[in-house]
Amino acid sequence: GENVEQHPSTLSVQEGDSAVIKCTYSDSASNYFPWYKQELGKRPQLIIDIRSNVGEKKDQRIAVTLNKTAKHFSLHITETQPEDSAVYFCAASRPRGGSYIPTFGRGTSLIVHP
Amino acid sequence: EAQVTQNPRYLITVTGKKLTVTCSQNMNHEYMSWYRQDPGLGLRQIYYSMNVEVTDKGDVPEGYKVSRKEKRNFPLILESPSPNQTSLYFCASSTQGTGELFFGEGSRLTVL
C-alpha cells in the first residue's frame with residue numbers, strides 16, 4: 285500500500301519567516317495531493333491541493349510543489365503569522381471508482397513565534 | 042449548512058461495552074471514511090465506503106465495524122472496546138471526482 289513520510293515533525297519559526305514541510309510517497313498511482321491544517325482542538329481542513337498534472341500551485345502566502353519523478357511534494361508558507369500555528373498533514377491519494385483514497389503523513393506541528 | 046456531524050463528541054466507557062459512533066453528512070457525498078488520530082501517528086484510516094452498501098478496510102480496521110445502509114450515514118461500531126482504542130476519531134466525506142475531505146468535529150473516546 286501507499287506510504288507517506290512527512291518531515292519535520294515539529295517546525296518552529298519566527299513571525300515573518302518562511303516555513304517548508306516536505307512529504308514523500310511510494311505509490312506511483314497516487315495523483316492527488318492535498319494539505320490539511322488542523323488548529324488546536326479543531327477538525328482538519330483543506331488549505332491547498334495539487335494534482336499530478338501540475339508542478340506548482342500558489343494561493344496567496346501558501347504554495348505547493350510536486351515532483352512526480354522523485355515522488356515528493358512540499359508545502360511552502362511565506363511571511364508566517366501566529367495564526368499559521370497548527371498541525372499540517374499532507375496526503376497522497378490514489379483514484380478508485382471515481383473517488384480518492386488518501387494516505388496521510390504523520391503531521392507537522394508548526395509554531396510561529398511572535 | 043453543509044456539514045458532517047458526529048455523535049457523541051466525548052465518551053468514556055469501559056472495556057467490552059459495545060458502542061456506536063454515528064456520522065451523518067448532508068452534502069450527498071458518495072465517499073465516507075473513518076480515521077483515528079493518535080499523537081505522533083497522524084490520521085490513520087479505519088474503514089471507508091465508496092457508496093451505499095460498499096465498504097472497505099483501511100489501514101487499522103481491527104476491532105471496528107461499519108455499515109453504509111444509507112448514503113448520508115456511516116456509523117462506526119466498536120463491538121468490544123479495549124483501552125488501545127482510546128483515541129480521537131474523525132469521520133470525513135467527499136464527493137466523487139474532487140478528493141477534498143470534509144471532516145466532522147471529532148469524537149474523543151476513552152476506554153477504561
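Those protein sequence lines, which keep their order, are chains A and B.
So the first sequence is numbered by my numbering: it starts at 285 and just counts up by one.
So the second sequence is numbered by my numbering: it starts at 42 and just counts up by one.
Every residue gets a Cβ at the ideal spot worked out from N, C-alpha and C, and that includes glycine.
As the structure is a computational prediction, the values presented were derived from the model and not from experiment.
Starting from the C-beta of B/V55, find all residues in its chain whose C-beta is less than 6 Å away, skip the five residues before and the five after it, and write them out in chain order.
-> On the second sequence, residue 55 of chain B is found 14 positions in, with the first residue counted as 1. Taking B/V55 as the centre and dropping the five residues before and after it, the same chain places the C-beta of L153 closer than 6 Å to its C-beta, in chain order.
CB of B/S128 within 8 Å of CB of B/G57, strictly | By 1-based counting over the second sequence, the position of residue 128 of chain B is 87. By 1-based counting over the second sequence, the position of residue 57 of chain B is 16. Taking 8 Å as the Cβ cut-off, B/S128 and B/G57 do not qualify as a contacting pair.
Of all the alpha helix (DSSP H) runs that stay within the bounds of the stretch 72 to 148 of chain B, which reach a length of 4 or more residues?
-> DSSP runs (the alpha helix (DSSP H)) wholly in the stretch 72 to 148 of chain B: none.
Check the C-beta distance from B/G140 over to A/S377 and give it rounded, since I have them as a contact under 8 Å.
-> Taking the second sequence and counting its residues from 1, one reaches residue 140 of chain B at position 99. Taking the first sequence and counting its residues from 1, one reaches residue 377 of chain A at position 93. That belief holds up - the Cβ atoms of B/G140 and A/S377 are roughly 5 Å apart, short of 8 Å.
Using a beta-carbon distance cut-off of less than 9 Å, what residues from the stretch 331 to 352 of chain A approach chain B?
-> Identification of residues in the stretch 331 to 352 of chain A having a C-beta nearer than 9 Å to some C-beta of chain B yields D333 and R335, given in sequence order.
Which residues in the same chain as A/H397 place their Cβ atom closer than 6 Å to its Cβ, once the five residues preceding and following it in sequence are excluded?
-> For the purposes of this step, residue 397 of chain A is identified with residue 113 of the first sequence, where counting begins at 1. Counting only residues of its own chain and dropping the five nearest sequence neighbours on each side, A/H397 has a CB closer than 6 Å to the CB of Q298.
Close Cβ partners of A/R345 (< 7 Å) along its chain, the five nearest in sequence each way excluded = For the purposes of this step, residue 345 of chain A is taken as the residue at position 61 of the first sequence. Closer than 7 Å at the Cβ level, and outside the excluded window around A/R345, lie I361, T362 and E363.
Check whether the stretch 332 to 352 of chain A touches the stretch 75 to 90 of chain B, counting contact only when three or more Cβ pairs, one atom from each stretch, lie closer than 8 Å.
-> With contact defined as three or more Cβ pairs closer than 8 Å, the stretch 332 to 352 of chain A and the stretch 75 to 90 of chain B are not in contact.
Buried versus exposed, by CB contacts within 10 Å (16 or more), B/S74 = Numbered from 1 along the second sequence, position 33 holds the residue referred to as residue 74 of chain B. Looking at its Cβ environment, which holds 16 or more other Cβ atoms inside 10 Å, B/S74 is buried.
Looking at the structure shown, is A/D301 part of a helix, part of a strand, or coil, going by DSSP?
-> In the first sequence, residue 301 of chain A corresponds to position 17, counting from 1. A/D301 falls in the coil class under three-state DSSP.
Beta carbon proximity, A/I385 to chain B, threshold 8 Å | In the first sequence, residue 385 of chain A corresponds to position 101, counting from 1. Yes - at least one Cβ of chain B is within 8 Å of the one on A/I385.
Same chain only: Cβ atoms within 6 Å of A/H356, ignoring 5 sequence neighbours per side | The residue given as residue 356 of chain A occupies position 72 in the first sequence. Its chain contains T308 as the residues whose beta carbon lies nearer than 6 Å to that of A/H356, once the 5 sequence neighbours on both sides are disregarded; these appear in chain order.
Going along chain A in order, which residues have a C-beta closer than 7 Å to the C-beta of B/Q137?
-> Counting from one through the second sequence, the residue named residue 137 of chain B turns up at place 96. Neighbours of B/Q137 on chain A, chain order: G382 and S383.
Can you list, in chain order, the stretches of the beta strand (DSSP E) that have 3 or more residues and sit fully within the stretch 297 to 362 of chain A?
-> The stretch 297 to 362 of chain A contains, as complete beta strand (DSSP E) runs of 3+ residues, the segments 303 to 309, 316 to 322, 329 to 335, 340 to 343, 346 to 351 and 356 to 361 (chain order).
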